[in-house]
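Presented below is the structure to which this report refers.
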Amino acid sequence: MAEIARARNYSIPLKEWGLEAYQNKFDWLLASLGDDSKFIRIKENEDQPVPIMEVIQILCAINPKLYSGDKSPVEAYKNISKCLDYFVAEGDPYGFKKFAPICRDILRLYDHICYYWDEKYNAPDEIGQRGRMGSRAENEKRKKGRDRFLTFYFLNKEDLFGDLRKKQGLPVEKGFAIPVISAFRILLEEKAGGNYGWSEDPFRFFEEHGSKLVRSVMDASRDANSDAQRVGRDRNVYNALYGIAQTVVLQSELKRLREEVRKAGHSF
Numbered sequence: 017m018a019e020i021a022r023a024r025n026y027s028i029p030l031k032e033w034g035l036e037a038y039q040n041k042f043d044w045l046l047a048s049l050g051d052d053s054k055f056i057r058i059k060e061n062e063d064q065p066v067p068i069m070e071v072i073q074i075l076c077a078i079n080p081k082l083y084s085g086d087k088s089p090v091e092a093y094k095n096i097s098k099c100l101d102y103f104v105a106e107g108d109p110y111g112f113k114k115f116a117p118i119c120r121d122i123l124r125l126y127d128h129i130c131y132y133w134d135e136k137y138n139a140p141d142e143i144g145q146r147g148r149m150g151s152r153a154e155n156e157k158r159k160k161g162r163d164r165f166l167t168f169y170f171l172n173k174e175d176l177f178g179d180l181r182k183k184q185g186l187p188v189e190k191g192f193a194i195p196v197i198s199a200f201r202i203l204l205e206e207k208a209g210g211n212y213g214w215s216e217d218p219f220r221f222f223e224e225h226g227s228k229l230v231r232s233v234m235d236a237s238r239d240a241n242s243d244a245q246r247v248g249r250d251r252n253v254y255n256a257l258y259g260i261a262q263t264v265v266l267q268s269e270l271k272r273l274r275e276e277v278r279k280a281g282h283s284f
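As C-alpha cells, this is what we get:
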C-alpha cells in the first residue's frame, strides 16, 4: 500500500491507497506530461515532489463532464478518494483522457495561479483600491511545510520572476487554488477528435481577470476566519467563481456579436 504522506495539501485527511495497482491507469497521464512527469510521485518511498493524487484532484476540479456549470466541484477538494475512483473507472466514463493534449497546460495554469496570487490580490480594483496581502492573517496560518506551497515545478521560464521557481509571499493552500482553477472549465471545449482544448488562452484570461477571482476567494477566507479548508469545502465559493468567469465569457461573446453586426451595417 502506498501512503500519500507528503501531499502538499495537509487540510485533506490522508489515507492509504494501493496506487501501484493503478500504475497502468496513470501511464497516459505521465506520457502527456512529457519531461514534466519526472516531478510526479506515485509510490510513497519515491522522491518526486508532486503526488499523483494532487494532479488527479486538479483534473477532477476542472472536468466539465464531472461538474457542469451548475454543479459545484467541491467534491474534488474534500473527497480525494472519490477523485481516484473517478479517474481509474473502467472505460474512462468521465473523459479524463480527453485532457491528454492540455494536461501540461492545466498543471502549469495551477502553478501560475498560485505563483501570481499575491500580485493579483494586490492589483488595483475597479475603483483603484489595492489589496494588502502582506497584512492578511492567512500569511501566518501555515507554520510548517511552507516551502511546499511556494515552489513551482510546472511553470515555463517566461512565467517566472527571473529564474526563480520559488516565491515569497502567501503559501496558497489548495482550499484557495482548487476553487479558482475549477472556474476555468468554462474555457474548455471539445475539439476535432474529441479531446479537450481551450476556447481562449487561459493564461491571458487569468492575467485580465485573475484579480476578481483571487479577491473573491480572499473575501470568502475573511468570512471563514482565514480557514482555507472551510473555503475549499464551501460550494458557494465555487459557484461564485464560476459565475465570475461565466460573466466574462458571456460579455466577450456579446461584444463579438455586436462587432459582427456593426461590420454588417446593422444596429444591435
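Every letter in the sequence shown is one number past the one before it in the numbering used here, and letter 57, counting from 1, is 73. Note that the Cβ used here is the ideal one computed from N, Cα and C, for glycine as well. Owing to the predicted nature of the structure, the values given are computational and were not obtained by experimental measurement.
At the level of alpha carbons, what is the spacing between residue i and residue j?
| i | j | result |
| --- | --- | --- |
| SER165 | VAL90 | The displayed chain sequence assigns Phe, not Ser, to residue 165. Cα to Cα, PHE165 sits roughly 21 Å from VAL90. |
| SER198 | LEU46 | 21 Å |
| GLN39 | PRO117 | 20 Å |
| ASP134 | MET149 | 6 Å |
| ARG246 | VAL277 | 46 Å |
| LEU273 | TYR83 | 28 Å |
| VAL233 | TYR132 | 14 Å |
| GLY213 | ILE78 | 12 Å |
| ASN25 | PHE192 | Below a pLDDT of 50, predicted positions are generally treated as unreliable, and ASN25, at 42, falls in that range; no measurement from the model is reported. |
| ALA23 | TYR169 | Confidence is the limiting factor: at ALA23 the pLDDT is only 41, short of 50, which leaves the residue's position unreliable, though a coordinate-based value still follows. One C-alpha to the other measures close to 15 Å. |
| GLN64 | LEU186 | 23 Å |
| GLU216 | SER242 | 33 Å |
| ASN172 | LEU123 | 11 Å |
| TYR110 | LYS41 | 13 Å |
| LEU257 | PRO195 | 7 Å |
| GLU19 | GLU60 | No answer about GLU19 holds up, because its pLDDT of 36 lies below 50 and its placement is not dependable. |
| GLU223 | LEU49 | 24 Å |
| LYS94 | VAL253 | 14 Å |
| PHE219 | CYS119 | 14 Å |
| ARG152 | PRO80 | 33 Å |
| GLU32 | GLY248 | Caution applies to GLU32, whose pLDDT of 41 falls short of 50 and renders its modelled position unreliable; the value that the coordinates give is listed next. Rounded to whole angstroms, GLU32 to GLY248 spans 22 Å at the Cα level. |
| ASP175 | ASP52 | 16 Å |
| LEU35 | ARG146 | 45 Å |
| LYS114 | CYS99 | 16 Å |
| ASP281 | LEU270 | The residue asked about is misnamed: residue 281 is Gly in this sequence, not Asp. Whole-angstrom Cα-Cα distance: 17 Å. |
| GLU62 | GLY259 | 40 Å |
| TRP44 | SER97 | 20 Å |
| LYS136 | ASP108 | 36 Å |
| PHE103 | ILE58 | 14 Å |
| PHE55 | LEU125 | 16 Å |
What are the boundary residues of the beta strand (DSSP E) that includes residue i?
| i | result |
| --- | --- |
| TYR137 | It is not in any beta strand (DSSP E) - TYR137 instead sits in the alpha helix (DSSP H) that spans 133-138. |
| GLY213 | 212-214 |
Can a CB atom of chain C be found closer than 8 Å to the CB of residue i?
| i | result |
| --- | --- |
| GLU154 | As a matter of chain content, chain C is missing from the structure shown, which is built from one protein chain. |
Smallest Cα separation from residue i: which of the options?
| i | options | result |
| --- | --- | --- |
| VAL230 | TYR110, ALA261 and LYS182 | ALA261 |
| VAL265 | ASN255, ARG249, PHE221 and ASN252 | PHE221 |
| ALA154 | LEU257, ASP63 and VAL188 | The amino acid occupying residue 154 in the given sequence is Glu; Ala does not appear at that position. The shortest Cα separation from GLU154 among LEU257, ASP63 and VAL188 belongs to VAL188. |
| ILE129 | GLY226, ARG251, ASP243 and THR263 | GLY226 |
| ALA92 | SER151, ILE72 and TYR110 | ILE72 |
| ASP101 | LEU125, MET69 and ARG158 | MET69 |
| SER268 | ALA244, SER237, SER97 and ILE202 | ILE202 |
| ASN255 | ASP51, SER53, ARG57 and ASP86 | ASP86 |
| LEU285 | GLY161, ASP127, PHE112 and LYS279 | With the chain running from 17 to 284 in the structure shown, residue 285 is simply not present. |
| ASP127 | LYS54, LYS183 and LYS159 | LYS183 |
| ASP121 | VAL66, ILE74, PRO67 and ASP250 | ILE74 |
| THR263 | ALA244, ASP239 and LYS228 | LYS228 |
| SER237 | LYS157, GLU106, ARG162 and ARG181 | LYS157 |
| SER88 | PHE200, ASP239 and LYS279 | PHE200 |
| VAL66 | ALA105, GLU106 and ASP163 | ASP163 |
| LYS190 | ASP239, ALA244, GLY161 and ARG181 | ALA244 |
Taking the alpha helix (DSSP H) that residue i falls in, what are its first and last residues?
| i | result |
| --- | --- |
| ASN288 | Residue coverage of the chain in this structure runs from 17 to 284, which leaves residue 288 outside it and unanswerable. |
| PHE219 | 218-239 |
| ASP163 | 162-165 |
| GLN267 | 251-279 |
| SER97 | 96-104 |
| ALA208 | Looking at the DSSP string, ALA208 is not in any alpha helix (DSSP H), and its letter there is neither H nor E. |
| GLN145 | Neither: GLN145 is in no alpha helix (DSSP H) and is coded neither H nor E. |
| ARG158 | Premise fails: ARG158 is in no alpha helix (DSSP H) and is neither H nor E. |
| GLY248 | 244-248 |
* To do: Identify every run of the alpha helix (DSSP H) within the segment 181-206, keeping only runs that are complete inside it and at least 4 residues long; order them along the chain.
  => 190-198
* Taking contact to mean at least 3 C-beta pairs separated by less than 8 Å, is the segment 206-214 in contact with the segment 142-149? -> no
* To do: With a floor of 4 residues, list each alpha helix (DSSP H) that falls wholly inside the segment 27-91, ordered by position along the chain.
  => 39-48 and 68-77
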